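I have placed the structure first, in the form of structure tokens, so that the comments after it can refer back to it.
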């Protein structure tokens with residue numbers, strides 16, 4: 557007789573996962589570290605629906621009437637803004653966190669579809685630069701691997717002030733992933749745990765950020781667009797300050813962002829959902845007269861499908877960035893390795909211990925035998941397929957709403973299924989004209 561048959565009832569507050577967490581903490585004295593982003597149920601893009609055209613709006617004929625997807629990023633100050641063929645970009649994930657093969661595959665896939673990829677913490681690898689048609693260099697608090705030569709090799713620079721999985725917190729890279737090559741690039745001892753700082757060492761506020769952006773522009777002769785990335789928390793104020801400091805592009809990463817390994821308690825309890833962050837960012841840009849025509853907005857954190865892409869753009873994003881989804885497209889959590897995931901105490905579709913460096917798929921590891929399993933050419937083609945599907949899905953939705961460009965999607969094309977989503981996204985509850993929190 558199982559627990560249910562005996563009439564036992566699980567506590568909503570102290571469920572079995574919570575009890576297991578308490579027991580683990582009590583036995584080990586160590587907090588949990590993982591990736592994969594927030595696992596709790598949060599208001600998300602699935603809580604929104606599009607209002608397709610029929611009579612009152614005129615749809616475009618699928619695959620015959622043009623619907624463009626290109627986007628220009630960084631035209632505010634840079635001599636050479638980025639012109640991408642799709643608004644779906646690859647977020648920053650470091651060499652160290654990822655294998656060299658994975659970084660190469662991301663560059664190959666992004667380059668073939670005409671979009672950008674991003675270095676992440678730890679510097680630029682030659683394979684990544686060679687295979688990436690458009691590469692964004694992340695400038696992080698750790699400054700690992702940072703040098704003026706690589707800044708000049710990049711096509712844009714992203715100053716990272718925070719990430720969705722850990723806004724206000726620093727990064728972690730366990731010693732088993734710090735190989736001789738990773739250590740050399742980061743000027744660290746091999747095999748020793750490393751923790752990145754939570755803030756940049758040479759500024760304490762927005763005024764210092766403006767100075768740093770000016771320095772980066774001078775180093776690169778004003779050629780490169782400068783992004784500023786923030787974890788979604790006080791988004792309205794952070795976006796305004798980033799624009800005032802001189803950013804060409806602002807990247808807002810919601811708490812569903814999952815490629816950073818950090819404390820479980822941080823992932824689940826710090827930050828706000830992507831859905832809540834976008835309208836705040838858009839409001840800030842509009843009040844500054846910069847939305848769409850000045851500073852571009854890139855949104856990341858939980859983007860999975862073309863519908864998510866289209867919804868983010870309808871809410872006001874110019875482009876999106878994907879991380880976890882890109883790794884899955886490369887082959888992470890593949891059922892082929894089910895037995896090996898089980899041996900690690902996990903399962904395909906559940907593996908989130910990326911920081912341990914034992915990924916059977918060869919993606920989030922520095923183990924030479926495991927990383928050799930990933931063929932960068934084949935994995936890159938898988939990413940190409942996935943990016944093309946996302947783009948076509950977003951196009952399909954835009955046409956159905958009567959739009960000739962995905963950037964023409966707007967909040968008026970959306971309704972919400974729940975009161976929470978309606979309030980966060982600032983769109984009407986389906987079947988009504990009511991937006992919670994607004995006077996009627």
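Residue numbers (our numbering): 557 to 996.
Even glycine gets a Cβ: it sits at the ideal position worked out from N, Cα and C.
Owing to the predicted nature of the structure, the values given are computational and were not obtained by experimental measurement.
Report, in whole angstroms, the separation of the C-beta atoms of residue i and residue j, which I expect to be a contact under 8 Å.
i: residue 721; j: residue 823; result: 5 Å
i: residue 737; j: residue 709; result: Between residue 709 and residue 737 the Cβ distance is about 19 Å, and since that is not below 8 Å, they are no contact.
i: residue 662; j: residue 939; result: 7 Å
i: residue 694; j: residue 675; result: 5 Å
i: residue 837; j: residue 791; result: 5 Å
i: residue 587; j: residue 821; result: 7 Å
i: residue 718; j: residue 701; result: Rounded, the Cβ-Cβ distance is 20 Å, inconsistent with contact.
i: residue 936; j: residue 805; result: About 25 Å separates the two Cβ atoms, so there is no contact after all.
i: residue 908; j: residue 590; result: 5 Å
i: residue 711; j: residue 780; result: 7 Å
i: residue 723; j: residue 585; result: Actually they are not in contact, since the Cβ atoms of residue 723 and residue 585 sit about 26 Å apart, beyond 8 Å.
i: residue 916; j: residue 897; result: 6 Å
i: residue 618; j: residue 943; result: No, residue 618 and residue 943 are not in contact; Cβ-Cβ is about 20 Å, not under 8 Å.
i: residue 831; j: residue 601; result: 7 Å
What residues are listed by DSSP as bridge partners for residue i?
i: residue 819; result: 589
i: residue 517; result: The structure shown does not extend to residue 517, since the chain is modelled only from 557 to 996, so the question has no answer here.
i: residue 673; result: 691
i: residue 853; result: 806
i: residue 877; result: 645, 856
i: residue 750; result: 729
i: residue 972; result: 604, 985
Return the CA-CA distance between residue i and residue j, expressed in angstroms with no decimal places.
i: residue 890; j: residue 846; result: 42 Å
i: residue 798; j: residue 669; result: 29 Å
i: residue 885; j: residue 563; result: 43 Å
i: residue 809; j: residue 616; result: 32 Å
i: residue 565; j: residue 559; result: 8 Å
i: residue 632; j: residue 926; result: 43 Å
i: residue 716; j: residue 887; result: 27 Å
i: residue 920; j: residue 747; result: 16 Å
i: residue 762; j: residue 929; result: 44 Å
i: residue 742; j: residue 726; result: 16 Å
i: residue 825; j: residue 598; result: 12 Å
i: residue 934; j: residue 774; result: 39 Å
i: residue 968; j: residue 948; result: 22 Å
i: residue 910; j: residue 713; result: 26 Å
i: residue 688; j: residue 990; result: 46 Å
i: residue 872; j: residue 581; result: 42 Å
i: residue 750; j: residue 759; result: 22 Å
i: residue 648; j: residue 673; result: 7 Å
i: residue 975; j: residue 834; result: 17 Å
i: residue 992; j: residue 982; result: 8 Å
i: residue 699; j: residue 655; result: 20 Å
i: residue 789; j: residue 592; result: 19 Å
i: residue 853; j: residue 807; result: 6 Å
Let me make sure I understand the geometry here. Which of the options has the alpha-carbon closest to that of residue i?
i: residue 594; options: 613, 761, 634, 817; result: 817
i: residue 855; options: 785, 569, 904, 980; result: 785
i: residue 922; options: 732, 882, 821, 863; result: 732
i: residue 979; options: 582, 603, 567, 569; result: 603
i: residue 638; options: 644, 627, 647; result: 627
i: residue 644; options: 960, 966, 992, 951; result: 951
i: residue 966; options: 605, 571, 584; result: 605
i: residue 1009; options: 578, 579, 624, 568; result: Since the first residue shown for the chain is 557 and the last is 996, residue 1009 is missing from the structure and cannot be characterised.
i: residue 964; options: 740, 875, 783, 729; result: 875
i: residue 691; options: 870, 671, 587; result: 671
i: residue 608; options: 973, 971, 957; result: 957
i: residue 756; options: 749, 769, 745, 744; result: 769
i: residue 681; options: 892, 801, 739, 697; result: 739
i: residue 945; options: 807, 866, 789; result: 866
i: residue 857; options: 706, 839, 850, 877; result: 877
i: residue 801; options: 813, 832, 764; result: 764
i: residue 844; options: 704, 814, 803; result: 803
i: residue 904; options: 912, 914, 893; result: 893
i: residue 988; options: 971, 977, 994; result: 971
i: residue 962; options: 577, 869, 596; result: 869
i: residue 851; options: 914, 841, 579; result: 841
i: residue 814; options: 667, 902, 860; result: 860
i: residue 728; options: 705, 703, 697; result: 697
i: residue 777; options: 600, 707, 579; result: 707
Chain B beta carbons: is any one of them nearer than 8 Å to that of residue i?
i: residue 665; result: No chain B appears in the structure shown, which is made up of a single protein chain.
Should residue i be counted as a contact of the ligand GDP given a C-beta to heavy atom distance under 7 Å?
i: residue 826; result: For the ligand GDP, the structure offers nothing, since it holds no ligand at all.
Legend entry - Secondary structure, beta strand (DSSP E): runs of 3+ residues fully inside the region 607 to 662: 627 to 629, 638 to 640, 644 to 646
Inset, instruction - Pick out the complete alpha helix (DSSP H) segments inside the region 895 to 960, 4 residues or longer, and give them in chain order. - result: 924 to 927, 932 to 956
Legend entry - Sequence ranges, beta strand (DSSP E) only - wholly within the region 786 to 846, length at least 3: 805 to 809
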